[in-house]
Amino acid sequence: MLKIGLTGGIATGKSTVSRLFRERGIPIIDADLIARKVIEPEGKAIEGVKAAFPKCFDGDLLNRPALGREIFHDETKRQQLNQLMHPAIREEMKEQMRTHETAGEPVVIFDIPLLFEGTMLDLVDYSVVVYCREEIQLMRLMERNGLTKEEALARIHSQIPIEDKKHQADYLVNNNGALGELPSQIDRLVEQFKAIQKKAND
């Protein structure tokens, strides 16, 4: 099974690209969904996060906006949260990977926003970066989330710059233009990935 890591920067269009892969029958292992799951009341990481960030909880329920405000302007706290959550996220991702492998899927996409920042890169064979210029990224994030320029920049700068990710990518999806330009790029990638996997199996 060919394992592809899909990443980008905040507001570069990664979620749209992930949806396009899913529509073409490629299974998606979604790190964001798993991250939410592991800090639900019965989640694998809830106790550690609650102990480290008690002010961000109402009982057993996490106040996500409060946690966001606390970590986005504090690198130390952001790293602390990642260290608490990543082992549980990684374990769940590997479990889902094994399920898809058992089902005989030729290709699976790991949708990981922090693929290069975190500890998941070794799980994948190749990386795909969804790219747009930072000024477009900033505009989209401010419009999408109703953020000030300062708030949006804080979120953008909490990640590796998109230009750096672009140069680390094995494959690039260009999202500087209209959304209508994306499907043909994804079609080509799906063909390439299936061809790589078929060649590996021959």
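Per the working numbering, the sequence shown runs over residues 1233 to 1434.
Glycine included, C-beta positions come from ideal geometry on N, C-alpha and C.
* Between the C-alpha atoms of Gln1429 and Met1233, what's the straight-line distance to the nearest angstrom? -> To locate residue 1429, count along the sequence shown from 1; it is residue 197. To locate residue 1233, count along the sequence shown from 1; it is residue 1. Their backbone Cα atoms lie some 7 Å apart in a straight line.
* Asked: If you draw a straight line from the alpha carbon of Gln1400 to that of Met1352, how long is it in whole angstroms?
  -> Mapped onto the sequence shown, residue 1400 falls at position 168. Mapped onto the sequence shown, residue 1352 falls at position 120. Each residue's alpha carbon lies about 15 Å from the other.
* Quick check: the segment 1379-1395 against the segment 1261-1277, are there 3 or more CB pairs under 8 Å? -> no
* Proximal residues to Ala1445 (C-beta, below 8 Å), its chain only, five neighbours per side dropped -> No answer is possible for residue 1445: the residues shown for the chain start at 1233 and end at 1434.
* For the beta strand (DSSP E) that Phe1342 lies in, which residues bound it at each end? -> For the purposes of this step, residue 1342 is identified with residue 110 of the sequence shown, where counting begins at 1. Unbroken beta strand (DSSP E) run through Phe1342: Val1339 to Asp1343.
* Asked: With Ile1261 and Val1339 assumed to form a contact (beta carbons below 8 Å), what rounded beta-carbon distance in angstroms separates them?
  -> Walking along the sequence shown from the start, residue 1261 turns up at place 29. Walking along the sequence shown from the start, residue 1339 turns up at place 107. So it is not a contact: roughly 12 Å between Cβ atoms.
* To do: Consult DSSP for Ile1239 and reduce its assignment to one of helix, strand or coil.
  => Counted from its first residue, the sequence shown places residue 1239 at position 7. In the sequence under discussion, the amino acid at residue 1239 is Thr, which differs from the Ile named in the question. Looking at Thr1239 - three-state DSSP - the assignment turns out to be strand.
* Which residue comes first and which comes last in the alpha helix (DSSP H) that contains Ile1392? -> Position 160 of the sequence shown holds residue 1392. Taken as a continuous stretch (DSSP letters only), Ile1392 belongs to no alpha helix (DSSP H), as it is neither H nor E.
* To do: Output the boundary residues of the beta strand (DSSP E) element that contains Val1361.
  => Your numbering for residue 1361 matches position 129 in the sequence shown. Start and end: Tyr1358 to Tyr1363.
* To do: Answer yes or no: do Ala1283 and Ile1388 have a C-beta to C-beta separation smaller than 9 Å?
  => By one-based count along the sequence shown, residue 1283 stands at place 51. By one-based count along the sequence shown, residue 1388 stands at place 156. Taking 9 Å as the Cβ cut-off, Ala1283 and Ile1388 do not qualify as a contacting pair.
* Asked: Mind checking His1305: buried by the 16 CB within 10 Å criterion, or exposed?
  -> What you label residue 1305 is simply residue 73 of the sequence shown in a count that begins at 1. Result: exposed.
* Asked: Is Ile1261 helix, strand or coil by DSSP?
  -> Residue 1261 sits at position 29 when you count from the first residue of the sequence shown. Strand, per DSSP.
* Is the beta carbon of Gly1237 less than 9 Å from the beta carbon of Tyr1363? -> Taking the sequence shown and counting its residues from 1, the one referred to as residue 1237 is at position 5. Taking the sequence shown and counting its residues from 1, the one referred to as residue 1363 is at position 131. Not closer than 9 Å, so no.
* To do: Mind checking which residues open and close the beta strand (DSSP E) that includes Asn1406?
  => Residue mapping note: residue 1406 aligns to position 174 of the sequence shown, counting from 1. Residues Tyr1403 to Asn1406.
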